[in-house]
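In the numbering used here, the protein residues as written are 1144 to 1305.
Below you'll find the structure, written out as structure tokens, and then a few comments.
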Amino acid sequence: MIIVSDTSPISSLFLINQLELLPVVFGRIIIPQTVMAELRVLETDFGHDLATLRSAPWLEILKATDINEVNRFKQFLDAGESEAIVLAKELHADYLLIDDKQGRNAADHEGLTTIGVLGVFLLAKKAGTINAVQPLMDDLRSQAKFFIREDLYEKVLRLAGE
């Protein structure tokens, strides 16, 4: 399975100490170089130690080759989302991990299958990796300042059987 990730799912899971869900649920995760640069902001601007992320054996950093396509997306998306979409297309990824609505819409338009961090929680619960989704969503809100609409929060709880 080929999984490419944008910045948000990785940074959100890192901030709530649930980064290990990614390799457990998906195995290897591929991120573009631009996403790694965006993740470094957690270290440079917020003082988080990214040593475990940088040395994670399940994380691979690649560069998208079609720079013109990346630049086309950068007209309306940020650099990480743009390169993640292009890299996912180039690698024929099974999933693109992305949370931003505009980025998800662009990826869907390109024929990519997207999943966000809440979807990762649902997969982890289904696999028996976690017992409950609600505490993780609450942690996302409080620790990662991750916005979850109330109707989506309730929908995820229903899907998780909570």
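Every residue gets a Cβ at the ideal spot worked out from N, C-alpha and C, and that includes glycine.
Here the structure is a predicted model, which means the values were calculated and not measured.
On a CA-only basis, which of L1185, P1175, I1145, D1188 is nearest F1169? Give me that one, please. To locate residue 1169, count along the sequence shown from 1; it is residue 26. Closest option to F1169, Cα to Cα, is I1145.
Report the partner residues of L1205 according to the DSSP bridge assignment. In the sequence shown, counting from the first residue as 1, residue 1205 sits at position 62. The bridge partners DSSP lists for L1205 are P1175.
Is it the case that the region 1205–1219 contacts the region 1180–1189, given that we only count it when at least three CB pairs across the two stretches are under 8 angstroms? These segments do not touch.
L1239 and L1255 closer than 8 angstroms at C-beta: The sequence position of residue 1239 within the sequence shown is 96, counting from 1. The sequence position of residue 1255 within the sequence shown is 112, counting from 1. Judged by their CB atoms, L1239 and L1255 are nearer to each other than the 8 angstroms cut-off.
Where does I1273 sit, in a helix, a strand or coil, going by DSSP? Mapped onto the sequence shown, residue 1273 falls at position 130. Assignment of I1273 by DSSP, reduced to helix, strand and coil, places it in the coil class.
For I1291, name the three-state secondary structure that DSSP assigns. By one-based count along the sequence shown, residue 1291 stands at place 148. Of the three classes helix, strand and coil, the one that applies to I1291 here is coil, per DSSP.
With 16 other Cβ atoms within 10 Å as the buried cut-off, status of K1269: For the purposes of this step, residue 1269 is identified with residue 126 of the sequence shown, where counting begins at 1. Exposed, because fewer than 16 other Cβ atoms sit within 10 Å of the Cβ of K1269.
Starting from the C-beta of Q1161, find all residues in its chain whose C-beta is less than 7 angstroms away, skip the five residues before and the five after it, and write them out in chain order. Here residue 1161 is taken as the residue at index 18 of the sequence shown, counted from 1. For Q1161, same chain residues with a beta-carbon under 7 angstroms away, outside a window of 5 residues either side, are L1279 in chain order.
Distance check for S1155 and L1283, CA to CA, integer angstroms please. Reading the sequence shown from its first residue, position 140 is the one you call residue 1283. Reading the sequence shown from its first residue, position 12 is the one you call residue 1155. Each residue's Cα considered, the two are about 7 angstroms apart.
Could you check what DSSP says for I1153 in three-state terms: helix, strand or coil? Here residue 1153 is taken as the residue at index 10 of the sequence shown, counted from 1. I1153: helix per DSSP, three-state reduction.
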